[in-house]
Every structure is written in C-alpha cells, then in structure tokens.
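Engineer:
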Amino acid sequence: MRKLPMILLLGACSGASEGDLCERHFEPYPDLIGQRVRTEQNAALLDAMEPYAEGDLAEAAKALQPYVDRHPREVEARFHLAVSLLGSGQPYDAELQLDFVEQDPRRVFRDETEWYSLLCLVCSGQRDRAVAGAKKLAGRKDHRYSGAAARLLKDLEGA
C-alpha cells in the first residue's frame with residue numbers, strides 16, 4: 140500500500156510519458172544500512188532508515204535529510220537520501236544529492252550514481268539529455284546498469 144503514493148508521485152513527474160518511464164524504470168536501491176548492528180554511534184542513522192526499509196520514500200527523505208545535514212560525509216546515507224528524493228517525486232533535489240555522492244573520492248556508488256542521475260533526467264522531463272545518457276550507459280558493457288539503460292533507451296526512443 141505504501142508504494143501507491145510513490146507511483147502516483149512518479150506518474151506526476153514532468154509529463155505523462157516521463158512519468159510512465161519513471162514508474163517503469165525506478166526501483167529503490169536495496170537498503171545497505173538497515174541491517175547493521177545497532178550501536179550508540181549509528182542509532183540515529185538506523186532510525187532515519189526505518190521508513191526506507193518500509194518503502195515509504197517520502198518519509199525516508201524527511202528522516203534522512205537532517206541526518207545527512209549533520210553528517211555530510213556519510214556517503215551511504217546521502218545516496219539513500221537521493222534515491223528517496225527521486226522515488227518521492229523530487230528529481231532535482233535527488234540530482235543535487237547524487238552530485239555530492241559523485242564527488243566522494245572512493246566512488247563507492249559510481250555505477251549506481253550514474254544510473255540514478257539518468258533517472259533524474261527522465262523524471263524531470265529532460266528527454267534529450269536522458270537519451271544521450273542512456274546511450275552512453277547502454278554502450279558500457281562493464282557498467283552494472285548497461286542492460287537497464289538499454290531498456291530505458293528503447294522506451295525513450297519509442298515514446
């Protein structure tokens with residue numbers, strides 16, 4: 140039941156076709172944080188991730204934003220915030236968070252950041268940029284999301 144508001148929000152992106160593509164291609168990234176053993180040091184993060192684990196991305200974004208504001212170098216939390224923002228119909232805010240994740244020297248989420256940045260373009264109605272980005276990712280066979288990008292490209296070109 141909690142996915143219905145997300146689907147409705149995604150459907151309301153910039154236009155009917157972009158919304159349909161958002162709904163079809165967006166999937167929340169697996170929760171990499173919620174399975175950690177609770178400690179005094181990570182309790183606030185685990186609490187902020189509870190809505191994410193429940194599939195309530197709008198509430199997850201609200202919970203994660205203050206945590207990320209207090210811990211700006213916590214790249215895993217920032218990445219999950221970006222996914223939450225995108226999944227709750229805020230592609231521009233998500234893209235901003237993904238820009239910060241990309242700047243992390245460890246490049247932990249390189250492929251993921253490129254994929255979700257591409258989805259931000261789709262969800263914000265930037266079709267031409269999305270087509271170019273999908274072509275680029277689809278052509279990189281070593282990229283974790285090359286197959287997903289190829290499917291997205293097919294849908295973009297068919298729209």
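In the working numbering, the protein residues as written are 140 to 298. Quick reminder that beta carbons are idealized off the backbone N, C-alpha and C, glycines included. All values derive from a computational prediction rather than experimental measurement.
Report yes or no: do the segment 157 to 165 and the segment 184 to 195 share at least 3 C-beta pairs separated by less than 8 angstroms?
Structural biologist: Because the criterion of three Cβ pairs below 8 angstroms is not met, the segment 157 to 165 and the segment 184 to 195 do not touch.
Engineer: Could you tell me the boundaries of the alpha helix (DSSP H) in which Leu-295 lies?
Structural biologist: Looking at the DSSP string, the run of the alpha helix (DSSP H) that includes Leu-295 is 285 to 297.
Engineer: What's the C-alpha gap between Gly-150 and Arg-209?
Structural biologist: Reliability fails at Gly-150, whose pLDDT of 42 lies under 50, so the model's placement of it is uncertain and the value that follows must be treated cautiously. Their Cα atoms are separated by approximately 32 angstroms.
Engineer: Does the Cβ of Gln-242 have 16 or more other Cβ atoms within 10 Å, making it buried, or fewer, making it exposed?
Structural biologist: The residue is exposed, with fewer than 16 neighbouring Cβ atoms inside 10 Å.
Engineer: Helix, strand or coil for Phe-239, going by three-state DSSP, please let me know.
Structural biologist: Three-state result, Phe-239: helix.
Engineer: Could you give the first and the last residue of the continuous alpha helix (DSSP H) run that contains Ser-256?
Structural biologist: Run containing Ser-256: 249 to 262, per the alpha helix (DSSP H) assignment.
Engineer: What is the DSSP secondary structure of Gly-226, counted as helix, strand or coil?
Structural biologist: Helix, per DSSP.
Engineer: What residue from Glu-213, Val-176, Leu-220 has the CA that sits closest to Tyr-191's CA?
Structural biologist: Checking every option, the nearest Cα to that of Tyr-191 belongs to Leu-220.
Engineer: Measuring straight from C-alpha to C-alpha, what distance separates Ser-256 and Asp-186?
Structural biologist: Ser-256 and Asp-186: Cα-Cα distance of roughly 26 angstroms.
Engineer: Could you have a look at Leu-171 and say whether DSSP puts it in helix, strand or coil?
Structural biologist: Coil at Leu-171, not helix or strand.
Engineer: I'd like the span of the alpha helix (DSSP H) that includes Glu-189, first residue to last.
Structural biologist: Element bounds for Glu-189: 182 to 192.
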